[in-house]
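Order-wise, the sequence lines are chains U and X.
Using our numbering, the letters of the first sequence map in sequence onto residues 1 to 465.
Using our numbering, the letters of the second sequence map in sequence onto residues 1 to 465.
Protein chains: 2
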Amino acid sequence: MEAITVLLSQQSKKPLYLQLYEALTKEIKEGRCPAGERMPSRRRLAEHLKISLNTVDSAYQMLAAEGYIKSVPRSGYTVCPLERLPVSRETPPPIPAAAPMPALPYDFSISTVDAGAFPFSTWARISKDVMYHQPELLAHGDRQGDSCLREALSRYLRQARGVRCAPEQIVVVSGMEYLLMILCELIGREKVFAVENPGYPRVVEALSNAGGRVRPLSMDGDGLSAVELSVAGASAAYITPSHQFPTGTVMPIGRRSELLCWAYEQPGRYIIEDDYDSEFRFSGRPIPALQGMDSKGRVVYIGTFSRSIAPSIRISYMILPPELLERYRAAFSRYSASVSRFEQHTLYRFLEGGYYERHLNRSRSRYKKRLETLVGCLRQGRLANKIQVIGAQAGLHFLLQVQNGMTERELIDKARLRGVKIAGLSSYCFPPLTPSESTLIMGYAHFTSQQIREAAALLEQVWSN
Amino acid sequence: MEAITVLLSQQSKKPLYLQLYEALTKEIKEGRCPAGERMPSRRRLAEHLKISLNTVDSAYQMLAAEGYIKSVPRSGYTVCPLERLPVSRETPPPIPAAAPMPALPYDFSISTVDAGAFPFSTWARISKDVMYHQPELLAHGDRQGDSCLREALSRYLRQARGVRCAPEQIVVVSGMEYLLMILCELIGREKVFAVENPGYPRVVEALSNAGGRVRPLSMDGDGLSAVELSVAGASAAYITPSHQFPTGTVMPIGRRSELLCWAYEQPGRYIIEDDYDSEFRFSGRPIPALQGMDSKGRVVYIGTFSRSIAPSIRISYMILPPELLERYRAAFSRYSASVSRFEQHTLYRFLEGGYYERHLNRSRSRYKKRLETLVGCLRQGRLANKIQVIGAQAGLHFLLQVQNGMTERELIDKARLRGVKIAGLSSYCFPPLTPSESTLIMGYAHFTSQQIREAAALLEQVWSN
Chain U
1 MEAITVLLSQ QSKKPLYLQL YEALTKEIKE GRCPAGERMP SRRRLAEHLK
51 ISLNTVDSAY QMLAAEGYIK SVPRSGYTVC PLERLPVSRE TPPPIPAAAP
101 MPALPYDFSI STVDAGAFPF STWARISKDV MYHQPELLAH GDRQGDSCLR
151 EALSRYLRQA RGVRCAPEQI VVVSGMEYLL MILCELIGRE KVFAVENPGY
201 PRVVEALSNA GGRVRPLSMD GDGLSAVELS VAGASAAYIT PSHQFPTGTV
251 MPIGRRSELL CWAYEQPGRY IIEDDYDSEF RFSGRPIPAL QGMDSKGRVV
301 YIGTFSRSIA PSIRISYMIL PPELLERYRA AFSRYSASVS RFEQHTLYRF
351 LEGGYYERHL NRSRSRYKKR LETLVGCLRQ GRLANKIQVI GAQAGLHFLL
401 QVQNGMTERE LIDKARLRGV KIAGLSSYCF PPLTPSESTL IMGYAHFTSQ
451 QIREAAALLE QVWSN
Chain X
1 MEAITVLLSQ QSKKPLYLQL YEALTKEIKE GRCPAGERMP SRRRLAEHLK
51 ISLNTVDSAY QMLAAEGYIK SVPRSGYTVC PLERLPVSRE TPPPIPAAAP
101 MPALPYDFSI STVDAGAFPF STWARISKDV MYHQPELLAH GDRQGDSCLR
151 EALSRYLRQA RGVRCAPEQI VVVSGMEYLL MILCELIGRE KVFAVENPGY
201 PRVVEALSNA GGRVRPLSMD GDGLSAVELS VAGASAAYIT PSHQFPTGTV
251 MPIGRRSELL CWAYEQPGRY IIEDDYDSEF RFSGRPIPAL QGMDSKGRVV
301 YIGTFSRSIA PSIRISYMIL PPELLERYRA AFSRYSASVS RFEQHTLYRF
351 LEGGYYERHL NRSRSRYKKR LETLVGCLRQ GRLANKIQVI GAQAGLHFLL
401 QVQNGMTERE LIDKARLRGV KIAGLSSYCF PPLTPSESTL IMGYAHFTSQ
451 QIREAAALLE QVWSN
């Protein structure tokens, strides 16, 4: 230990060395100075607490005499092992441990991606370069994110997704949850926020935590409908048109116009377009983002690099239409950017150097092959005429409907017993419901071909009986 | 350009090449393909849009014939300069530019720190090490922050600040604003949040944006009082006891106990202790954090590394008492950590290696010297008997009361004309008021001794007349 901070009072009648002695025994008894740890040097502690060396000496000698600490030649005092005393009434209640996450050999969770596919050595090299050559990035940056990154993002999104925006409209934020909390305030938490049902529980959680009035609405084959939105009295609609989570629906162009018309009907209506999984479209022509069709500034486009780069890179962004941008600038005027500038500049160079696009192209074909392998394996075996694959034109997961007489719960439990973790569609419904169809969500991105074959064989075994 | 995403319809009666031609002219006319930029290669665009090479050829030839693009030998087509057409009605309204921040040669803003004091080469070296040797950090980490960092933080805070907590109570968050938004939800935004007046506008903004009912309360010489809190019906009190912002008061131990008693009086009352500037105490014994005195779990301790390391390093943290921790785990169960794991591990090693503590010790003496130089200069000259220095025992700013007959506004304006930027105390009051005393806030951390002498001389000139 370098130092210990305890409260000593000059006014007390108790001498300082006694106060120090008592404070230190308390630290040791209550386990905050663990056995074996070295005590601060006498000189260091005296200086830290602004007391004399003699005072520390006296306290340490008492502690040593009573066996709390012992002197070790040439390294000062260390704390002695101590039978744990009964917890004093003053100690706050013990902290419950966080719920553990059980790991299974085969995990079809949708939150996993193939981090190995990412050109990490390039990222690390750029990152090192930024760190060594741009120490000026230690200072405050632009609160919406540094402009070079926003410019690169707006270029990339125009080319890849048909998004039209000025770099000034972009706000870079450390993660989707924070972003949604900000949006909730900008649009107005007293408004009704419609979300897709089934949909993304994280989004429901983040909007609710921000105080928003969240209404999950059911969808038809094309996604959320304008009629449902109007009936629900919604002012904002959170949608995932590129690859609906979790059903995999790609929203057709007709429905997109319909939703835009809904937004234009009344002032203050907004569409929050989460361009989820748009990077991974496997067949058909790319459909530009809804944002690019919006001529009246009613679409907020949001995106993240957590899935296309790596989960631990916390860079998300939103593109605010002019009205909301103005509100943001007024109400969030004192906020600082929430993403480290070193990471912002690493991403900027990664985008500008073309590395990101090459990475996506490589990943796309790699994921496509995995998807085909998995679907192929499932369709070949004894399950062949009992399954249906839904929403596999795009994205890193698809839905698997299984008609073998088992309930969704049974399918999941039987798989778990053989080491395969799968989630059911029903747990993405609000409220969670008991479904008539047994439907599973298959996230496959991080599997090797070999693992896919093994997992598919296990599923065939447990689901065929 | 690598690619352009436009919407083409197979169903339309218009042939594809014509649709593509029209979409591209629109992109060029509206300035989204700037003059001089290279068009995507024909092959690349055909592949991207999943159309034939012939379709792209036809569209490009039409564009070239009409002068939108021109063929450049061996490098394909580039966009021609184009007179800007009148803005079409479809274009969203132009984006207002963000308010510019005027820079002045001498800046006494409190948000600046001396980034040069930070051992950046050590930080960069550790950061590189983490990046090159721990690629596993690309995967999801603990949502409260990686446990090694939380353990190091709890050890550090115990030793340096007398904070007592289990690492499980710590939540690492990317910045104070996000942290306060989360806290507001945990404590309950329908509750009354008392803040110090004068105080920190960023805190008022963040709590208000989270929907909290914020009540600025006036202070006496010791800080916020329990009586004021009770009268206001507050459930939470945000305080800065180590060095009140901006008055510089260090809250005495008596007042600290008083506030704890207030919190214990009723369930659901919390103290949010922002241990602002506690790293920079220049005289007297360190006073342990209020959190360490709390035996009933009613203090939330919050801190940040933005000032002690660098503004662009976005790592803040909060220590939740058991009740709030439980609420956090239930309501924020799907949140991801908001700080990059690479940065978390860099900070972890920086703390564990003792670099942080050495850095603070060096900074403390460096800042102390600057503070003494500035106060000395001001007290020597013609202003000597017209000024009073307040709250300079700790922290990176102090208050300067000037009694020369000028109003606060006049003092600020006269300084600005000579290139010195200073803020007045009144702009940190809620609501901003016209003060009877002229009081200025002097943030001095980033000045060299030379700059201090120059700035002080300028102030002496403009304020003595």
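Positions of the beta carbon are idealized from the N, C-alpha and C atoms, including for glycine.
Predicted, not measured: the structure shown is a model, and the values here were computed from it.
The ligand FAD heavy atom lying under 7 angstroms from the CB of residue i
i	result
U:Q403	No copy of the ligand FAD appears in this structure; indeed no ligand is present at all.
Residues bridged to residue i [DSSP beta-bridge criterion]
i	result
X:M318	X:V171, X:I302
X:G424	X:L440
U:I452	Answer is none; U:I452 lacks a bridge partner.
X:S71	X:Y77
U:E372	In the DSSP output, where bridge partners are listed per residue, U:E372 has none listed.
U:D413	Answer by DSSP bridge pairing: none, since U:D413 is not bridged.
U:S218	U:N197
X:L192	The sequence as given places Val at residue 192 of chain X; Leu does not occur at that position. According to DSSP, which records beta bridges pairwise, X:V192 is partnered with X:R213.
X:Q388	X:Q401
U:R38	U:T78
U:A236	U:F193, U:Y270
U:G223	U:D220
U:Y106	U:V420
X:R281	X:A394
Residues of its chain near residue i, where Cβ-Cβ distance is below 8 angstroms and the 5 sequence neighbours each way are ignored
i	result
X:S490	This structure gives no information on residue 490 of chain X, because the portion of chain X shown stretches from 1 to 465.
X:R453	T373, C377
X:Y1	This sequence places Met at residue 1 of chain X; Tyr is not what is there. C33, E37, R38, M39, P40, listed in sequence order.
U:L399	P246, T247, G248, V389, I390, G391, L425, T439, L440, I441, M442
X:D413	none
6 angstroms CB neighbourhood of residue i in its chain, flanking five on each side removed
i	result
X:Q169	I319, L320, L325
U:Y264	K296
X:P119	H359
X:A23	V6
U:V172	G145, Y317, V339
Integer Cβ distance of residue i from residue j, believed to fall under 8 angstroms
i	j	result
X:L18	U:R285	Not really, about 16 angstroms apart at Cβ, beyond 8 angstroms.
U:V300	U:L290	Not a contact, Cβ separation roughly 10 angstroms.
U:Y60	U:R42	6 angstroms
U:M131	X:A456	Contact doesn't hold; Cβ gap of about 36 angstroms is too wide.
X:L396	X:D277	6 angstroms
U:K128	X:K128	5 angstroms
U:L45	U:A3	6 angstroms
X:K421	X:Y21	Going by Cβ atoms, the distance from X:K421 to X:Y21 rounds to 54 angstroms, so no, they are not a contact pair.
U:L459	U:A415	6 angstroms
Neighbour-count burial assignment, residue i, 16 or more Cβ in a 10 Å radius
i	result
U:A445	buried
U:T346	buried
U:S121	exposed
U:L433	exposed
U:R409	exposed
U:P40	buried
X:C261	exposed
U:Q134	exposed
U:P241	buried
U:S449	exposed
U:P402	Looking at the sequence shown, residue 402 of chain U is not Pro but Val. With 16 or more other Cβ atoms within 10 Å, it is buried.
U:W463	buried
X:Q344	buried
8 angstroms Cβ cut-off: residues of chain C touching residue i
i	result
X:T439	The displayed structure is made up of protein chains U and X, and chain C is not among them.
Own chain partners of residue i with C-beta closer than 7 angstroms, once the 5 adjacent residues on each side are dropped
i	result
U:Y355	P119, T122
X:Y367	F280, L396, A445
Give a yes or no on contact between the stretch 149 to 166 of chain X and the stretch 195 to 214 of chain X, applying the rule of three or more CB pairs nearer than 8 angstroms.
Because the criterion of three Cβ pairs below 8 angstroms is not met, the stretch 149 to 166 of chain X and the stretch 195 to 214 of chain X do not touch.
Three or more C-beta pairs under 8 angstroms: does that hold for the stretch 239 to 253 of chain U against the stretch 216 to 223 of chain U?
Three or more beta-carbon pairs drawn from the stretch 239 to 253 of chain U and the stretch 216 to 223 of chain U are found closer than 8 angstroms, and the two stretches are therefore classed as touching.
Evaluate the contact criterion for the stretch 373 to 393 of chain U versus the stretch 334 to 353 of chain U: three or more CB pairs, one atom per stretch, below 8 angstroms.
Taking one beta carbon from each stretch, the stretch 373 to 393 of chain U and the stretch 334 to 353 of chain U have fewer than 3 pairs nearer than 8 angstroms; the two do not touch.
Counting beta carbon pairs with one atom in the stretch 261 to 270 of chain U and one in the stretch 141 to 157 of chain U, are three or more of them shorter than 8 angstroms?
By the Cβ test, the stretch 141 to 157 of chain U is not in contact with the stretch 261 to 270 of chain U, since fewer than three Cβ pairs between them sit closer than 8 angstroms.
Can you confirm whether the stretch 185 to 200 of chain U touches the stretch 227 to 247 of chain U when touching is taken to mean that 3 or more C-beta pairs between the two stretches lie within less than 8 angstroms?
Judged by pairs of C-beta atoms under 8 angstroms, the stretch 227 to 247 of chain U touches the stretch 185 to 200 of chain U, as three or more such pairs exist.
Indicate whether the contact test is met: 3 or more Cβ pairs, each with one atom in the stretch 175 to 194 of chain X and one in the stretch 227 to 241 of chain X, closer than 8 angstroms.
Yes, the stretch 175 to 194 of chain X touches the stretch 227 to 241 of chain X.
Taking contact to mean at least 3 C-beta pairs separated by less than 8 angstroms, is the stretch 181 to 189 of chain U in contact with the stretch 367 to 381 of chain U?
When C-beta atoms of the stretch 181 to 189 of chain U are compared with those of the stretch 367 to 381 of chain U, fewer than three pairs fall below 8 angstroms, so the two segments do not count as touching.
So, does the stretch 13 to 31 of chain X touch the stretch 301 to 318 of chain U, judging by three or more C-beta pairs under 8 angstroms?
Flag = no, the stretch 13 to 31 of chain X and the stretch 301 to 318 of chain U do not touch.
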